[in-house]
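Per the numbering used here, the very first residue in the sequence shown carries number 957; after that it's consecutive. A virtual CB, placed ideally from N, CA and C, is assigned to each residue, including glycine.
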Amino acid sequence: MDEPQDVTTRTATVDVWTDALAQSTGSPGGGAGTGVMLAVAASLASMVAGYTEAEGSRRAEVDAVRARARSLRETALRLADDDASASRAFGAAFRLEPGPERDEAIHRASVDAARASAVLGEHAMDVIDDLAWLAAHGNRALIADVVVAFGALRAAVAGARTNVSFDLASLRSAGKTLEEVRGLHPDLWRAVEQLERALGRIDSLTADVDGRAAPTGSV
């Protein structure tokens, strides 16, 4: 098998990629896993849309949902592999000897990693409306698949939110206070807040369809 750092979502089987994820290397790590979870959500959205029969303008909506989902799957896997590369730079920065060079490397790697996670989170938030549409108008026999997609999407959004927040907090290792970080990177700070709100919306949408997806649950 290739060394873990050489394993990508494009070249590896699920078995090989998850084995690399299981190693104590951090590349791939949780950020790459976040991208894969987003790819799972997008794949399920595409599947449900493909099974959904519709006519007229509704057909055009279904086709658009499926096209966006298929494109997102590709993007999510690319972002997962990009994150694996960013993780190596992040780890390398912290292994440097203490001093100005290390502080600068940590700052650069932390901001790069935060921006990568923010981009992934932005793509994840884009699919919420499409999953909501499928929950309301998609093939009813596949409502459980929509719920699984929401679960995968929630994991992606939560991962992106936490990674951006953690990477920003890591700037304190380079001598910054949280207030200074907020002033230097307001866009990333806002991304954390937006992702937090997105989690609430996903939870609300999932709760709305749970009665149809799991009617034998407790009452």
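State the DSSP-derived secondary structure class of residue i, mapped to helix, strand or coil.
i            : result
residue 968  : coil
residue 1162 : helix
residue 984  : coil
residue 1078 : helix
residue 1141 : coil
residue 1150 : helix
residue 1054 : coil
residue 1018 : helix
residue 974  : helix
residue 1042 : helix
residue 995  : helix
residue 1025 : helix
residue 1004 : helix
residue 963  : coil
residue 1031 : helix
residue 1010 : coil
residue 990  : helix
residue 1067 : helix
residue 1036 : helix
residue 1170 : coil
With a CB to CB cut of under 6 Å and the five nearest residues on each side skipped, what residues in its chain are close to residue i?
i            : result
residue 1018 : 1005, 1008, 1010
residue 1111 : 993
residue 1033 : 965, 995
residue 1138 : 1145
Can you round the beta-carbon distance between residue i and residue j to whole angstroms, since I take them to be within the 8 Å contact cut?
i            : j            : result
residue 1161 : residue 1091 : 6 Å
residue 997  : residue 1109 : 4 Å
residue 1141 : residue 1021 : No, residue 1141 and residue 1021 are not in contact; Cβ-Cβ is about 33 Å, not under 8 Å.
residue 985  : residue 1043 : 5 Å
residue 1086 : residue 1001 : 6 Å
Please list, in chain order, all residues of the same chain as residue i whose beta carbon is under 8 Å from its beta carbon, the five residues on each side excluded.
i            : result
residue 1120 : 1070, 1073, 1074, 1077, 1144, 1147, 1148, 1151
residue 1169 : 1099, 1100, 1102, 1103
For residue i, which residues from the same chain have a beta carbon less than 7 Å from its beta carbon, with the 5 sequence-adjacent residues on both sides left out?
i            : result
residue 1154 : 1081, 1084, 1113
Which parts of the segment 1085-1126 are runs of the beta strand (DSSP E), unbroken and 3 residues or longer, counting only runs that do not cross its ends?
-> Runs of the beta strand (DSSP E) inside the segment 1085-1126: none found.
Do the segment 1071-1082 and the segment 985-1004 make contact, defined as three or more Cβ pairs closer than 8 Å?
-> Touching, yes.
Is it true that the segment 1079-1092 meets the segment 1011-1030, where meeting means three or more beta-carbon pairs spaced less than 8 Å apart?
-> Yes, the segment 1079-1092 is in contact with the segment 1011-1030.
Cβ contact check for the segment 966-982 and the segment 1102-1121: 3 or more pairs under 8 Å | No, the segment 966-982 does not touch the segment 1102-1121.
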